[in-house]
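Peer 1: This is the structure I have questions about; it appears just below.
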Amino acid sequence: MFHPGLVVVFAFRFRYHQLSDTVIIRSRILKEVSSMQHNRILKWIAVASTIGMLAILLGGALVTKTESGMGCGRHWPGCNGELIPTEINAEVLIEFSHRLVTGAVGILIVVLSVWAWRALGHIRETKFLSFMAIFFLVLQALIGAAQVLWGQGDFILALHFGISLISFAAVFLLTLLIFEVDRKFDAENVRIGNKLKWHTIGVTLYSYLVVYTGALVRHTDSGLVCRDWPFCRNDDIGLPTNMHEWVQMGHRLAALFIVIWIAYIFFHAWKHYQNQKAVSRGWMIAFILVLTQASTGMLVVLTRANLAAALIHSLIISLLFGLLCYMILLVSRSRHYESRPKS
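To convert a position in the sequence shown, counted from 1, into my numbering, add 30.
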């Protein structure tokens, strides 16, 4: 006969399994919610770090442009012998604010790099980019400190902006990885031919040289040596007559070449990579940025080094360099997937 107690036992066991499944489901939901919250915080930190690096780049350009580098005297990390300056003028405000922003953003980048290393360590570029972001941020801070304490030559100081630019590019690429931009543009399926690969690598390295020549224009006070554009003096076309003119016109020539080079790459990518949006659209944006960069460079000359035009000029080259580094990442991805054994 069927015993009534068995019904009770089975009922309890069924209820137990129901409760157990409910607890497991709730635990999974809580973990997913917690993960989503952590990802959201990480994204905010990534965005703040990227904007912060742009602020450092523009702040450094502002310090150079306004000649505020010695606003705090030969003191670092203090300012004019004090931890926080009591006598404030324009030069002190600009230089001290730049130091504060660099310190605050530095903390953000350390947090971002460590967090990204732990959360996205399975993505092969994450650890390298995290290291680069911190290393070059520290390096640019040390060069800035050395300039304050002991002074540096113009050709050494011109490296300062470029070193900060590498740190910005690393933070920018980390941010793209965190926001899963690769998935949105199907970057894993990008296949780049040898011709475009070498052009991408070449123009990115060359862009760094252009950045250096532009920084050299600022640090050697060669920005206003030529009154006209595109030539130094449109009514007297000839070779430069002194070092400052050579620096200015050398930068213009280097800039002209990168405009032509990126234009060629863009038309090549648009013709042959229409089915790969990350490539064709990326080079389209690069072409727009380099044209805008050249236009703002012209405005800097024609407006006699207007501060807003000069800062926009620095902003656009930062964005362009970041984009070119992303194109390098795509080249690296393409080589990686081509080298993997096919299953």
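The C-beta atom is built at its ideal place from N, Cα and C for all residues, glycine as well.
The structure displayed is predicted, hence computed values, not measured ones.
1) Going by the DSSP bridge assignment, what does cysteine 109 pair with across the sheet?
2) Helix, strand or coil: which one does DSSP assign to threonine 156?
3) On the criterion of 16 or more Cβ atoms from any shown chain inside 10 Å, does lysine 61 qualify as buried, or is it exposed?
4) Among the residues of its own chain, which have a CB less than 7 Å from the CB of threonine 80, if the five just before and after it don't count?
5) Can the beta-carbon of valine 255 be found less than 8 Å from the beta-carbon of histidine 274?
6) Name the residue from Leu207, Gln182, Phe126 and Gly181 whose alpha carbon lies nearest to the alpha carbon of leucine 7.
7) Judging by CA-CA distance, which residue of Ser325, Thr326, Ala163 and Ile358 is the nearest neighbour of valine 144?
8) Between the C-alpha atoms of isoleucine 288 and glycine 253, what's the straight-line distance to the nearest angstrom?
9) Return the chain-ordered list of same chain residues with a C-beta closer than 8 Å to the C-beta of alanine 171, the five sequence neighbours on each side being excluded.
10) Is arginine 70 helix, strand or coil when you go by DSSP?
11) Following the continuous alpha helix (DSSP H) through threonine 132, name the residue where it begins and the one where it ends.
12) Kindly list the residues whose CB is nearer than 7 Å to the CB of leucine 138, restricted to its own chain and excluding five residues on each side of it in sequence; keep chain order.
13) Using 8 Å as the cut-off, can you tell me whether the segment 342 to 359 makes contact with the segment 319 to 334, which would need three or more C-beta pairs spanning the two stretches below that distance?
14) Measure the alpha-carbon distance for isoleucine 59 versus asparagine 69 and round it to whole angstroms.
15) Please name the residue in Arg311, Leu286 and Ala285 whose C-alpha comes closest to that of phenylalanine 296.
16) Distance, Cα to Cα, tyrosine 304 vs methionine 357?
17) From the DSSP output, in three-state form, read off asparagine 224 for me.
18) Can you find at least 3 beta carbon pairs, one from the segment 85 to 92 and one from the segment 118 to 131, that sit closer than 8 Å?
19) Give the secondary structure of tryptophan 180 by DSSP, where H, G and I count as helix, E and B as strand, and everything else as coil.
20) Would you call glutamate 97 buried or exposed, if buried means 16 or more other Cβ atoms sit within 10 Å of its Cβ?
21) Just the C-alpha distance for glutamate 112 and asparagine 336, rounded to the nearest angstrom, thanks.
22) Starting from the Cα of cysteine 262, find the closest Cα among Arg104, Gly183, Lys157 and Val331 and give me that residue.
Peer 2: The structure says:
1) Partner(s): Glu112.
2) helix
3) Confidence at lysine 61 is low in this model, with a pLDDT of 46, below 50, so the placement of that residue should be treated as unreliable; the coordinate-derived value is given next. The residue is exposed, with fewer than 16 neighbouring Cβ atoms inside 10 Å.
4) Val201, Phe202 and Thr205
5) yes
6) No statement about residue 7 is possible, as the shown extent of the chain runs from 31 to 373 and does not include it.
7) Ala163
8) Distance between the alpha carbons of isoleucine 288 and glycine 253: 20 Å.
9) If you ignore the 5 residues before and after alanine 171, its C-beta comes within less than 8 Å of the C-beta of Thr132 and Gly136, all in its own chain and listed in chain order.
10) helix
11) 120 to 149
12) Ile75, Ala78, Ser79 and Gly82
13) yes
14) The pLDDT assigned to isoleucine 59 is 49, lower than 50, so where the model puts this residue is not dependable, and the model offers no usable value.
15) The shortest C-alpha to C-alpha distance from phenylalanine 296 to any of Arg311, Leu286 and Ala285 is the one to Arg311.
16) The sequence given here places glutamine at residue 304; tyrosine does not occur at that position. Approximately 15 Å between the Cα atoms of the pair.
17) helix
18) Three or more beta-carbon pairs drawn from the segment 85 to 92 and the segment 118 to 131 are found closer than 8 Å, and the two stretches are therefore classed as touching.
19) coil
20) exposed
21) 33 Å
22) Val331
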